[in-house]
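Read through the structure below, which is laid out as structure tokens, and then see the notes.
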Amino acid sequence: IDRILGWQRFMSKGDDGALKGDQEIGLMGELQVLRSLLSAGIDPSIALEWWQGPLDSLHDFVAAHGAIEAKASTRAGTFTAKIASLDQLDDTIVQPLYIAAVQYSLSPTGQSLPPYVNTLTRIFEDDAVDLRTFEERLLSAGYHSVAAPRYHRRFSYLVTNFHEVTTATPRLTRGNVPQGVVEAIYTVELDFAKLPNVALDDILQRIG
Numbered sequence: 253i254d255r256i257l258g259w260q261r262f263m264s265k266g267d268d269g270a271l272k273g274d275q276e277i278g279l280m281g282e283l284q285v286l287r288s289l290l291s292a293g294i295d296p297s298i299a300l301e302w303w304q305g306p307l308d309s310l311h312d313f314v315a316a317h318g319a320i321e322a323k324a325s326t327r328a329g330t331f332t333a334k335i336a337s338l339d340q341l342d343d344t345i346v347q348p349l350y351i352a353a354v355q356y357s358l359s360p361t362g363q364s365l366p367p368y369v370n371t372l373t374r375i376f377e378d379d380a381v382d383l384r385t386f387e388e389r390l391l392s393a394g395y396h397s398v399a400a401p402r403y404h405r406r407f408s409y410l411v412t413n414f415h416e417v418t419t420a421t422p423r424l425t426r427g428n429v430p431q432g433v434v435e436a437i438y439t440v441e442l443d444f445a446k447l448p449n450v451a452l453d454d455i456l457q458r459i460g
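All residue numbers for the sequence shown refer to the working numbering, where the first residue is 253 and numbers rise by one.
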């Protein structure tokens, strides 16, 4: 059923089949966090189970006892993140909740999205179930290899900073907006708050 729904989303795009703008960099960010989880020793099957972003989950990675929301940017200077709803950074819904701020630069020597996907594919291809799950997640996210030649932007990975969502995090939630505001999409500058970095190993100890 997930595969059918993924194909329905992909075919309904009605264009050349390639992700555009924020969708492309957003998927790059989620894939980088997925790579970070694998590098930290998380079992591939578990890492894929946690990866819920393509399935329209509130958060991109949902573990047993917490969640990670991936945000990616190519903007030089301050790191800006687009927040999709009043619930996305509400730690009263999920706690602990972390932001993974993935920074890229646009560079002719960087890597486009398809080779980035292929690197992860080689990790999962040793297990048929994991590979099928990974391909289904990609399809649900709007990516398919048939559109690979249409991806031209090249990204150089710089760094991923993990921040815990606390009262110091700039955000809008249902608990702090004026009465009558029921939904919002907004952009925050994470650097403005000078949030402390949290080591991924420490995060995994808490959420896994």
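Glycine included, C-beta positions come from ideal geometry on N, C-alpha and C. Source: prediction; values computed, not measured.
Taking a 10 Å sphere around the C-beta of R374, we find fewer than 16 other C-beta atoms and assign the residue as exposed. T421 is not a Cβ neighbour of L391, given a cutoff of 8 Å. Restricting attention to L442, I253 and I256, the CA atom closest to the CA of I351 is found in L442. In terms of Cβ geometry, R406 and G460 do not form a close pair [threshold 8 Å]. Using a 10 angstroms sphere on the CB of V398, the tally of other CB atoms stays under 16, which defines it as exposed. Counting the other Cβ atoms within 10 Å of the Cβ of E377 gives fewer than 16, which makes it exposed.
For I459, the secondary structure class from DSSP, reduced to helix, strand or coil, is helix.
Of the residues E282, P296, G281 and L271, the one whose Cα lies closest to the Cα of R384 is P296.
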